[in-house]
Amino acid sequence: MRYSAFKILKEGLTGNKGWKPVWREPDPKPEYDIIIVGAGGHGLATAYYLAKEFGMRNIAVLEKGWLGSGNIGRNTTIIRSNYLLPGNQPFYEMSMKLWENLEQDTNYNSMVSQRSILNLIHTDAQRDAFVRRGNAMFLSGADAELADAEQLRAELPFLDFDNARFPIKGGLYQRRGGTARHDAVAWGYARGADMRGVDIIQNCEVTGFDIQGGVCRGVETTRGAIRARKVAVCVAGSSGRVMAKAGMRLPIESHVLQAFVSEGLKPVLPGVITFGAGHFYVSQSDKGGLVFGGDIDGYNTYAQRGNLPVVEDVAEGGMAIMPMIGRARLLRSWGGIMDMSMDGTPFIDKTHIGGLYFNGGWCYGGFKATPASGYCYAHLLAKDEPHPNAAQMRLDRFKTGNVIDEKGQGNQPNLH
Amino acid sequence: MIIDHPILGPRDAAEFVCLGDACMMDRPDWQADDALDQFVEYGYLRDNPAGEHQELWYHEQGDRSWLVLTRNTLTHEISKVELARDVARARGRDK
Chain A
83 MRYSAFKILK EGLTGNKGWK PVWREPDPKP EYDIIIVGAG GHGLATAYYL AKEFGMRNIA
143 VLEKGWLGSG NIGRNTTIIR SNYLLPGNQP FYEMSMKLWE NLEQDTNYNS MVSQRSILNL
203 IHTDAQRDAF VRRGNAMFLS GADAELADAE QLRAELPFLD FDNARFPIKG GLYQRRGGTA
263 RHDAVAWGYA RGADMRGVDI IQNCEVTGFD IQGGVCRGVE TTRGAIRARK VAVCVAGSSG
323 RVMAKAGMRL PIESHVLQAF VSEGLKPVLP GVITFGAGHF YVSQSDKGGL VFGGDIDGYN
383 TYAQRGNLPV VEDVAEGGMA IMPMIGRARL LRSWGGIMDM SMDGTPFIDK THIGGLYFNG
443 GWCYGGFKAT PASGYCYAHL LAKDEPHPNA AQMRLDRFKT GNVIDEKGQG NQPNLH
Chain B
13 MIIDHPILGP RDAAEFVCLG DACMMDRPDW QADDALDQFV EYGYLRDNPA GEHQELWYHE
73 QGDRSWLVLT RNTLTHEISK VELARDVARA RGRDK
């Protein structure tokens with residue numbers, strides 16, 4: 083069923099009796115060509131692009147809970163491609179281009195809103211670094227715009243420009259950045275994959291891998307064993323737990339990232355704004371709530387809740403750039419588990435076990451990557467060679483010395 | 013979280029910095045034949061368990077001691093706090 087304005091009109095006039103469930107609820111078949119473990123944004127996008135771009139049909143996506151119940155359902159919905167390093171930036175710009183056409187592609191309203199992202203500059207050194215980053219963005223075909231303080235005073239008069247500790251000296255805009263409706267991204271990909279024959283099997287937890295002679299031939303699940311020629315794990319947040327079942331240790335630690343939403347306010351923020359002297363990012367949802375977050379808590383955890391010191395730190399970051407945020411009441415906060423990798427960059431790669439593939443390590447930047455992650459993972463699964471834009475996101479890069487450390491922090495996952 | 017420091021008693025976790033898995037105390041032998049592989053494992057690969065986890069915390073805003081915590085990553089419950097020095101000595105190291 084194709085969605086269109088005509089369809090809405092017709093259904094509205096005929097009592098809305100023609101709408102059907104958006105995806106099927108099939109039972110697992112005994113065997114598939116490809117099993118994707120994890121029906122989150124990245125797993126569903128992988129299934130979607132495998133079916134649509136690479137002509138694969140015999141695919142199952144296994145999900146231990148309900149689809150879209152992990153980090154795709156609990157992020158701060160920011161999309162952007164303002165990275166620096168060659169191993170990263172072309173990948174994220176590819177993702178941005180896929181975002182720009184996502185709704186037409188999936189025929190689903192993902193509410194992609196290119197309302198801009200602004201990284202604030204507080205020091206001269208930071209301006210130099212952001213100019214360099216803007217130039218790197220140009221090289222990948224992305225847009226970037228350096229704004230001075232005068233321009234920002236006119237556009238965003240509520241910022242605390244003359245803050246004694248963190249005066250605002252300007253900012254780096256990416257006007258094509260913005261937000262998207264996170265749940266709808268998962269639902270759109272799920273619907274698109276399901277329409278093309280992909281079995282999305284919910285409430286089906288993978289409990290083990292069937293590995294014989296160094297080759298993975300399928301998975302054990304709570305709904306029985308399922309064979310597959312290729313098994314593609316895509317469970318960021320739980321990567322450590324799942325890959326341990328295949329006997330693998332990963333260059334990843336699991337950490338909690340908290341996010342916050344204020345009460346609904348009238349439109350006040352035109353786009354996404356990030357603090358450059360601490361860690362704070364904020365946007366306003368279409369319902370009016372200020373959606374914001376900051377640093378991870380900094381210790382290994384699989385509990386989807388954080389502690390109060392980080393809540394205070396995030397609130398201080400907000401107060402430092404826009405003191406008016408202090409008048410808004412916090413409606414709710416929550417935590418999600420991040421795959422924090424050793425260099426802050428993800429992995430889309432084969433493993434040393436034949437037929438077993440791994441996608442993870444997205445740190446707290448996985449949402450914006452959803453379309454490109456799915457596309458590049460699908461490319462790897464279909465052709466058995468990495469997509470050029472993800473060719474450096476390898477599991478062995480620490481051994482070969484090809485780390486992609488955007489922040490320059492070294493092998494300290496809680497600092498990325 | 014409250015960390016029950018072996019010398020100072022209960023302290024707020026905000027005074028500490030978490031370094032990560034306590035396996036970092038066991039530095040490989042740099043003269044071993046497979047030292048490269050061992051150091052890649054040591055520097056970059058982690059067990060990352062869901063459950064009991066031994067980890068290094070540094071009392072940066074306090075007495076600057078290194079601690080080994082045994083903490084549950086599912087509940088945040090801290091079941092054991094030791095001085096890293098004592099743990100190292102128990103493993104046969106001289107300091």
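As you go down the protein sequences, you meet chains A and B in turn. The first sequence lines up with residues 83 to 498 when you count with the working numbering. The second sequence lines up with residues 13 to 107 when you count with the working numbering. Beta carbons: idealized from backbone N, C-alpha and C, even for Gly.
Opening and closing residue of the beta strand (DSSP E) in which residue i lies
i, result
"P22(B)", "G21 to D24"
"H17(B)", "I14 to H17"
"F362(A)", "F362 to Q366"
"Y70(B)", "E64 to Y70"
"D516(A)", "The displayed coordinates of chain A run from 83 to 498. Any statement about residue 516(A) would go beyond what the structure contains."
"Q340(A)", "I334 to G346"
"Q294(A)", "V288 to Q294"
Within 9 Å, strictly: CB atoms of residue i and residue j
i, j, result
"L68(B)", "I15(B)", "no"
"W316(A)", "G100(A)", "It should be pointed out that residue 316(A) corresponds to Cys in this sequence rather than to Trp. Result no, Cβ atoms of C316(A) and G100(A) do not sit closer than 9 Å."
"I403(A)", "L202(A)", "yes"
"K134(A)", "R311(A)", "no"
"R263(A)", "V194(A)", "yes"
"V288(A)", "E302(A)", "yes"
"G150(A)", "L126(A)", "yes"
"Y459(A)", "A314(A)", "yes"
"S91(B)", "E72(B)", "no"
"D292(A)", "R305(A)", "no"
"R126(B)", "E335(A)", "Beyond the ends of chain B as shown, which are 13 and 107, falls residue 126(B); an answer cannot be given."
"R209(A)", "Y165(A)", "no"
"A96(B)", "M37(B)", "yes"
"A224(A)", "S163(A)", "yes"
Chain B within 9 Å of residue i, Cβ atoms only
i, result
"A464(A)", "no"
"Y381(A)", "yes"
"A326(A)", "yes"
"Y446(A)", "no"
"L149(A)", "no"
"L339(A)", "no"
"Q208(A)", "no"
Which of helix, strand or coil DSSP assigns to residue i
i, result
"R156(A)", "coil"
"E471(A)", "The question names Glu, but residue 471(A) is Asn in the sequence shown. Residue state, collapsed to three classes: helix."
"T482(A)", "helix"
"W444(A)", "coil"
"R273(A)", "helix"
"N5(B)", "Only positions 13 to 107 of chain B appear in the structure, and residue 5(B) is not among them; the question remains open."
Of the listed residues the options, nearest to residue i (C-alpha basis)
i, options, result
"C298(A)", "N285(A), K432(A) and G360(A)", "K432(A)"
"Q284(A)", "I118(A), W416(A) and G100(A)", "I118(A)"
"V373(A)", "R139(A), G492(A), G260(A) and A229(A)", "G260(A)"
"M176(A)", "K481(A), P470(A), I486(A) and L477(A)", "P470(A)"
"N84(B)", "Y70(B), F51(B), D33(B) and S77(B)", "D33(B)"
"P333(A)", "M424(A), E237(A), P239(A) and S198(A)", "M424(A)"
"G492(A)", "G437(A), G426(A), K481(A) and G270(A)", "G426(A)"
"G290(A)", "A326(A), G274(A), V267(A) and H264(A)", "A326(A)"
"V23(A)", "P172(A), D109(A) and L200(A)", "Because chain A spans 83 through 498 in this model, residue 23(A) falls outside it and cannot be assessed."
"L31(B)", "D466(A), I141(A) and G380(A)", "G380(A)"
"R414(A)", "W148(A), E345(A), N191(A) and D478(A)", "E345(A)"
"K481(A)", "R101(B), G74(B), V52(B) and D106(B)", "V52(B)"
"V104(A)", "G270(A), F449(A) and L234(A)", "G270(A)"
"I435(A)", "A236(A), G400(A), R331(A) and V338(A)", "R331(A)"
"G442(A)", "A211(A), I250(A) and I430(A)", "I430(A)"
"K111(A)", "M406(A), H337(A), A226(A) and C286(A)", "C286(A)"
"I154(A)", "W148(A), V143(A), N140(A) and G123(A)", "G123(A)"
"G370(A)", "G376(A), P349(A) and N389(A)", "P349(A)"
"R106(A)", "A142(A), D377(A), L241(A) and L347(A)", "A142(A)"
C-beta neighbour in chain A for residue i, strict 9 Å
i, result
"D16(B)", "no"
"A26(B)", "yes"
"G32(B)", "yes"
"V10(B)", "Here chain B comprises residues numbered 13 to 107, so residue 10(B) is not present and cannot be evaluated."
"R58(B)", "yes"
"M37(B)", "no"
"D49(B)", "yes"
"H88(B)", "yes"
Residue i, enclosing alpha helix (DSSP H) - first and last residue
i, result
"L132(A)", "G123 to E135"
"R97(B)", "A96 to A102"
"N217(A)", "D206 to L221"
"H461(A)", "G448 to K465"
"R323(A)", "S321 to A326"
"I90(A)", "A87 to L95"
"Q186(A)", "L184 to T188"
"G252(A)", "That residue, G252(A), is in no alpha helix (DSSP H); its beta strand (DSSP E) goes G252 to Q256."
"F51(B)", "A47 to Y56"
"V396(A)", "L390 to I403"
Contact test: residue i Cβ vs the ligand FMN heavy atom, cutoff 8 Å
i, result
"I154(A)", "This structure simply doesn't include the ligand FMN, nor any ligand for that matter."
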